[in-house]
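**Student:** What follows is a single structure, and I will ask about it in a moment.
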Amino acid sequence: MAIHAICLVKNELDIIAQTLATGSEWADSIYVLDNGSEDGTWEFVKEAAATNPKIVPFRQDLSPFCDSMRDRVFAHYRDRARQGDWWCKLDADECYVEDPRTFLASVPRQYNAVWVSCYNYLFTELDRAAYLLDPTSFDGSRAWRDVLRHYVPAGYSEARFIRHWWGLESLPPWNWGPIYPRPIRLRQFMYRSPEQITRRMTTRADPMARGEFAHERREHWRPDIPADQPFHWSERLAMTSECFEDLGDDTLVPQPISNLPESITGPDAGGVLWRKVRRRLGASANGPAPSGPAEPGGLSPPH
């Protein structure tokens, strides 16, 4: 089982080293597309790739951001994957609580997708006080999970791991197939310092105007501020009284996931190609997915 991660980056120099280092602990390949960084992120990725063969710089793409950019990377490297491998959507500002390789190895064959339980780490009034005393402690030279200690459960989920099979033609696929009911936990360090927050919002201003990054819109954070006022990083300042503290032992608070889809097990599971596979293997359209070896001729179920 190999894990192929696709990472889109733009202006993430203060965290990309940590993300690539932790990702390299469980991923076999990390394919990186840079969307026009101006802070040295792309140069760092290429330098890191010179000593870490798991890091694969794809290219710089200066076209307007859209989430389907990952599909361009997938199309380029798709032939590297084999039946039973996994594809991962890896953001530049995150790390997993559980080891994804161990987690995925325990996912039964009939499941094709794993979603996440996300915990957002925020810049609080305590972090602001520490920053004023020593701004260098927020420059990314220390592990962010040791710097930012307060988080909020995101309460939403998205697919991060897709099992490869011969009929997988795009990421995300138009039909997930059976989704593993247990999400994997994820720490995301969205807001890390005044400079980073300002840079993040400046970087995302144009995509937000086109409808991307809806969760970043001002009305979700400060509905009391007129939309035509200039943005200031302090709008993302969180109060510790509204957060949970990370005690360092991975016992994050449980959270309900409002948008986690039900596991698809009906006749449409896996789409048209999967139904053809089931018929070829002699399985009932509504029965359990085959778990035995492939039939002669190399045809096997998506796993």
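Just so you know, we're using the working numbering here: the sequence shown kicks off at 1126 and counts up by one.
Cβ atoms here follow ideal geometry from the backbone N, Cα and C, with glycine treated the same way.
Being a predicted model, the structure only gives us computed values, none of them experimental.
Relative to the alpha-carbon of Ala1363, which residue among Glu1250, Gln1235 and Phe1183 has its alpha-carbon at the smallest distance?
**Tutor:** The count along the sequence shown starts at 1 and reaches residue 1363 at position 238. Nearest C-alpha to Ala1363: Glu1250.
**Student:** Between the Cα of Gln1380 and those of Ala1279, Ser1318, Pro1303 and Ser1366, spot the shortest distance and give me the residue it belongs to.
**Tutor:** Locating residue 1380 in the sequence shown gives position 255, where the first residue counts as 1. When each option's Cα is compared against that of Gln1380, the closest is Ala1279.
**Student:** To the nearest whole angstrom, what separates the beta carbons of Arg1310 and Tyr1202, a pair I think is in contact under 8 Å?
**Tutor:** Position 185 of the sequence shown, counting from 1, holds the residue named residue 1310. Position 77 of the sequence shown, counting from 1, holds the residue named residue 1202. Cβ atoms of Arg1310 and Tyr1202 stay farther apart than 8 Å, at about 27 Å.
**Student:** Taking 9 Å as the threshold (C-beta atoms), are Cys1213 and His1275 in contact?
**Tutor:** Taking the sequence shown and counting its residues from 1, the one referred to as residue 1275 is at position 150. Taking the sequence shown and counting its residues from 1, the one referred to as residue 1213 is at position 88. No.
**Student:** Taking only the alpha-carbon atoms, compute the straight-line gap between Pro1297 and Ala1284 and give it to the nearest angstrom.
**Tutor:** Indexing the sequence shown from 1 puts residue 1297 at position 172. Indexing the sequence shown from 1 puts residue 1284 at position 159. If you take the alpha carbons of Pro1297 and Ala1284, they lie about 8 Å apart.
**Student:** Residues bridged to Trp1211 by DSSP?
**Tutor:** Counting from one through the sequence shown, the residue named residue 1211 turns up at place 86. In DSSP, Trp1211 forms a bridge with Ile1128 and Arg1288.
**Student:** Quickly, what does DSSP pair Leu1133 with across the bridge? List them, please.
**Tutor:** Translated into positions along the sequence shown, residue 1133 becomes position 8. The partner list for Leu1133 (beta bridge, DSSP) reads Leu1158 and Asp1216.
**Student:** Please confirm whether Thr1166 and Val1134 have their CB atoms less than 9 Å apart.
**Tutor:** Residue 1166 sits at position 41 when you count from the first residue of the sequence shown. Residue 1134 sits at position 9 when you count from the first residue of the sequence shown. It is a contact, given that the beta carbons lie within the stated cut-off.
**Student:** Based on the DSSP output, what are the partners of Ser1242 in its beta bridges?
**Tutor:** Taking the sequence shown and counting its residues from 1, the one referred to as residue 1242 is at position 117. In DSSP, Ser1242 forms a bridge with Arg1310.
**Student:** Classify Thr1376 as buried or exposed, calling it buried when 16 or more other Cβ atoms lie within 10 Å of its own Cβ.
**Tutor:** Within the sequence shown, the letter at position 251 stands for residue 1376. Answer is exposed; the Cβ neighbour count stays below 16.
**Student:** Going by beta-carbon coordinates alone, are Asp1232 and Pro1308 separated by less than 9 Å?
**Tutor:** As a working note, residue 1232 is residue 107 in the sequence shown. As a working note, residue 1308 is residue 183 in the sequence shown. Per the sequence shown, residue 1232 should be read as Val rather than Asp. Cβ atoms of Val1232 and Pro1308: not closer than 9 Å.
**Student:** When you compare only the Cα positions, how much space is there between Tyr1305 and Ile1287?
**Tutor:** Numbered from its first residue, the sequence shown carries residue 1305 at position 180. Numbered from its first residue, the sequence shown carries residue 1287 at position 162. In a straight line, the C-alpha of Tyr1305 is about 10 Å away from that of Ile1287.
**Student:** For Thr1327 and Asn1136, what's the separation of their Cα atoms in angstroms?
**Tutor:** As a first step, residue 1327 is located in the sequence shown; it is residue number 202 there, counting from the start. As a first step, residue 1136 is located in the sequence shown; it is residue number 11 there, counting from the start. Near 10 Å, if we compare the C-alpha coordinates of Asn1136 and Thr1327.
**Student:** Residue range of the beta strand (DSSP E) that Val1378 falls in?
**Tutor:** Along the sequence shown, one-based indexing puts residue 1378 at 253. Per DSSP, Val1378 belongs to no beta strand (DSSP E) and is neither H nor E.
**Student:** Hey, out of His1340, Arg1329, Ser1383 and Arg1361, whose CA is closest to Gly1161's CA?
**Tutor:** In the sequence shown, counting from the first residue as 1, residue 1161 sits at position 36. Considering only alpha carbons, the answer is Arg1329.
**Student:** Which of the three DSSP states, helix, strand or coil, is assigned to Tyr1276?
**Tutor:** Indexing the sequence shown from 1 puts residue 1276 at position 151. Three-state DSSP puts Tyr1276 in a strand.
**Student:** By Cβ distance below 8 Å, which residues in the same chain neighbour Glu1223 in space, the five residues on each side in sequence not counted?
**Tutor:** The count along the sequence shown starts at 1 and reaches residue 1223 at position 98. Around Glu1223: Ile1309 and Arg1310.
**Student:** Taking C-alpha atoms, which residue in Phe1190, Arg1253, Gly1265 and Ala1200 lies nearest to Phe1338?
**Tutor:** As a position in the sequence shown, residue 1338 is number 213, starting the count at 1. Nearest of Phe1190, Arg1253, Gly1265 and Ala1200 to Phe1338, Cα basis: Phe1190.
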